[in-house]
Amino acid sequence: MNPDHHRPSPGSTGCDDPIQIRPVRRAELALLQDIERAAGRCFFDIGMPQIAEDEPLPQEELARYLSAGRAWVATDPADLPVGYLIADLVDGNLHIEQVSVHPRNARRRVGRRLVDHLAGQATAAGIPALTLTTFADVPWNAPYYARCGFVVLDDADLTPGLRAVRQREAAHGLDRWPRVCMRRDL
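Numbered per my numbering, the sequence shown spans residues 411 to 596.
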């Protein structure tokens, strides 16, 4: 989803920023599901009820991301999660499997902060790029990610792992709407 947060001024350390990014805690897995359900409701408004009604990942699967060290939350000043991101390693890149932000926190740069945090993690680990798959025509999907520095990949440029991701998505019915793979070089 496209929930954003304010941008620190140039040279700012961001220390006064009320949104913080940190690893997910096991006790927060149900909250992640709640965030995804709330964020998904906006798909009703654009005629995609099947997406709006799609159930989030089971807690056991979310726990695997936590155990692998590839699950982060954005938290409010009370340290309560308002958004989250989980990532897979796909063909040597970090692949954003899911990023969701509660609608109460929309348009506050929360999603961008999560993506940028993942980019920092990838850079520190020597990983060359972030990838994702998303809906081509949903404003808070591909157009949003393009503003975050991602570019659409041609089918000929898809790696074997991205092709496998797209096949799983198609089997889940996501190809009822145009989808794209995107990449952000780091």
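Think of the CB as a built atom: it goes at the ideal place given N, C-alpha and C, for glycine as much as any other residue.
Sub-8 Å separation of residue i and residue j beta-carbons
i: residue 506; j: residue 495; result: yes
i: residue 578; j: residue 591; result: no
i: residue 433; j: residue 487; result: no
i: residue 503; j: residue 546; result: no
i: residue 524; j: residue 509; result: yes
i: residue 492; j: residue 481; result: no
i: residue 451; j: residue 462; result: yes
i: residue 606; j: residue 570; result: The first residue shown for the chain is 411 and the last is 596, placing residue 606 beyond what the model contains.
i: residue 513; j: residue 574; result: no
Rounded separation between residue i and residue j - CA only
i: residue 460; j: residue 533; result: 36 Å
i: residue 556; j: residue 440; result: 30 Å
i: residue 543; j: residue 553; result: 12 Å
i: residue 466; j: residue 447; result: 7 Å
i: residue 558; j: residue 582; result: 27 Å
i: residue 456; j: residue 443; result: 22 Å
i: residue 551; j: residue 526; result: 16 Å
Residue i beta carbon near the ligand FMN (any heavy atom closer than 7 Å)
i: residue 521; result: Judged by which ligands are present, the structure shown has none, so any question about the ligand FMN falls away.
Close beta carbons around residue i, own chain, < 7 Å, minus the five adjacent residues each side
i: residue 563; result: 591, 592 and 593
i: residue 458; result: 587
i: residue 436; result: 473 and 476
Where the beta strand (DSSP E) containing residue i begins and where it ends
i: residue 595; result: 589 to 595
i: residue 497; result: 491 to 500
i: residue 461; result: No beta strand (DSSP E) holds residue 461; the alpha helix (DSSP H) holding it covers 459 to 462.
i: residue 484; result: 481 to 485
i: residue 433; result: 430 to 433
Beta-carbon proximity list for residue i, same chain, < 8 Å, skipping 5 on both sides
i: residue 529; result: 540, 594 and 596
i: residue 565; result: none
i: residue 568; result: 576 and 591
i: residue 572; result: 500, 501, 505, 541, 543, 563 and 591
Delimiting residues of the alpha helix (DSSP H) encompassing residue i
i: residue 449; result: 439 to 450
i: residue 539; result: Careful: residue 539 lies outside any alpha helix (DSSP H), inside the beta strand (DSSP E) at 539 to 545.
i: residue 504; result: Careful: residue 504 lies outside any alpha helix (DSSP H), inside the beta strand (DSSP E) at 503 to 511.
i: residue 526; result: 520 to 534
i: residue 570; result: 570 to 581
i: residue 476; result: 469 to 477
i: residue 553; result: 552 to 557
Residue i classed as buried or exposed, judged by whether at least 16 other C-beta atoms fall within 10 angstroms
i: residue 585; result: exposed
i: residue 490; result: exposed
i: residue 454; result: exposed
i: residue 438; result: buried
i: residue 497; result: buried
Neighbourhood of residue i by C-beta distance below 6 Å, restricted to the same chain and skipping five residues each side
i: residue 469; result: 439
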